[in-house]
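Heads up, the thing below is written out as structure tokens.
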Amino acid sequence: NAGVTQTPKFRVLKTGQSMTLLCAQDMNHEYMYWYRQDPGMGLRLIHYSVGEGTTAKGEVPDGYNVSRLKKQNFLLGLESAAPSQTSVYFCASSYPEGRPTYEQYFGPGTRLTVT
Amino acid sequence: KQEVTQIPAALSVPEGENLVLNCSFTDSAIYNLQWFRQDPGKGLTSLLLIQSSQREQTSGRLNASLDKSSGRSTLYIAASQPGDSATYLCAACFTGGFKTIFGAGTRLFVKA
Numbered sequence: 026n027a028g029v030t031q032t033p034k035f036r037v038l039k040t041g042q043s044m045t046l047l048c049a050q051d052m053n054h055e056y057m058y059w060y061r062q063d064p065g066m067g068l069r070l071i072h073y074s075v076g077e078g079t080t081a082k083g084e085v086p087d088g089y090n091v092s093r094l095k096k097q098n099f100l101l102g103l104e105s106a107a108p109s110q111t112s113v114y115f116c117a118s119s120y121p122e123g124r125p126t127y128e129q130y131f132g133p134g135t136r137l138t139v140t
Numbered sequence: 447k448q449e450v451t452q453i454p455a456a457l458s459v460p461e462g463e464n465l466v467l468n469c470s471f472t473d474s475a476i477y478n479l480q481w482f483r484q485d486p487g488k489g490l491t492s493l494l495l496i497q498s499s500q501r502e503q504t505s506g507r508l509n510a511s512l513d514k515s516s517g518r519s520t521l522y523i524a525a526s527q528p529g530d531s532a533t534y535l536c537a538a539c540f541t542g543g544f545k546t547i548f549g550a551g552t553r554l555f556v557k558a
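Residue numbers (the working numbering), protein chains in the order written: chain A, 26 to 140; chain B, 447 to 558.
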């Protein structure tokens, strides 16, 4: 049982490049989330999904897109990276079917630098 | 606007001391409150989850309380150890189950 995994762990992009971050969970959770963490600002929700095939905007969605084609995977895309997107990105999941405690489980994070 | 605030931002204590970390939230329509630990460069580890119908939860040397009416939660750490040094984050999950707001965290340093 790996929990929540994220790929890659580190990435450096040049301004304007694109990339996709992959999040996978093996706990059969319904909800999945993407957060970014910046110094002094805590974690902020980018996008979330309440089930396979659904996505919704969080607090800071601009410049990001997401997809949830399979229940266990949640992808975060940056179409044209900007230096302001330099951050640590965390994926989380919650809500095992039939047990709505909404306790969130986090992945190890992806450290992204945009130059 | 729903907000979560943690005070203090940083705390340094000698080993063995009991300590309290504070978390306040602005909306009483809370579904649950979760406390996390984050070590430098690492992800978040869940410590305790308190449902809105509960007043406290305990795990080992940790005890978390929730007072919805006053919009406050506290994390009590008994007999602190150097290994407790980390950043502690609280997160309030509001009605709907998917809107979670995080505090900025309290950075704890326990001196040996």
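Cβ coordinates follow ideal geometry from the N, Cα and C atoms, glycine included.
Can you tell me which of the three DSSP states A:P108 falls into? helix
Would you mind telling me which residues of chain A sit closer than 9 Å to B:L512, beta carbon to beta carbon, in chain order? What B:L512 touches in chain A: nothing, since even the nearest Cβ is about 14 Å away.
Three-state secondary structure assigned by DSSP to A:G28: coil
Spell out whether any CB of chain B is found under 8 Å from the CB atom of A:Y130. It does: the Cβ of A:Y130 has a partner Cβ on chain B nearer than 8 Å.
Supposed close pair A:Q62, A:C48 - CB separation, criterion 8 Å: Rounded to whole angstroms, the Cβ separation of A:Q62 and A:C48 is 15 Å, and the two are not in contact under 8 Å.
Using a Cβ-Cβ cut-off of 6 Å (strictly less than) and excluding sequence neighbours within five positions of A:F35, which residues of its own chain qualify? R136
May I ask you to report which of helix, strand or coil DSSP gives A:G88? Secondary structure of A:G88 (DSSP, three-state): coil.
Under three-state DSSP, which class holds B:D530? helix
Would B:G551 count as contacting chain A if we go by Cβ distances under 8 Å? By this cut-off, B:G551 is an interface position.
Quickly, what does DSSP pair A:L94 with across the bridge? List them, please. Note: A:L94 sits in no beta bridge, so no partner.
From B:F555, B:T546, B:A525 and B:S470, residue whose alpha carbon lies closest to that of A:Y130: It is B:T546.
For B:N546, decide whether its Cβ has a neighbour in chain A, counting only Cβ atoms nearer than 8 Å. The question names Asn, but residue 546 of chain B is Thr in the sequence shown. It does: the Cβ of B:T546 has a partner Cβ on chain A nearer than 8 Å.
In terms of residues, what are the limits of the beta strand (DSSP E) holding B:Q484? I476 to Q484
Starting from A:G67, trace the beta strand (DSSP E) in both directions and tell me its first and last residue. G67 to S74
Taking C-beta pairs closer than 7 Å, name the residues in chain A that B:G489 reaches, listed in chain order. Correct list: F115, F131, G132, P133 and G134.
Measure the alpha-carbon distance for B:F540 versus B:R518 and round it to whole angstroms. If I take the Cα positions, the gap works out to 14 Å.
Measure the alpha-carbon distance for B:A455 versus B:R507 and round it to whole angstroms. Going by the C-alpha atoms only, they are around 21 Å apart.
Quick check on DSSP: helix, strand or coil for A:E55? strand
Determine the closest residue to B:A532 out of B:E502, B:G489 and B:A510, with distance taken between C-alpha atoms. B:G489
Provide the residue span of the beta strand (DSSP E) that contains B:E502, from first to last. Looking at the DSSP string, the run of the beta strand (DSSP E) that includes B:E502 is E502 to S505.
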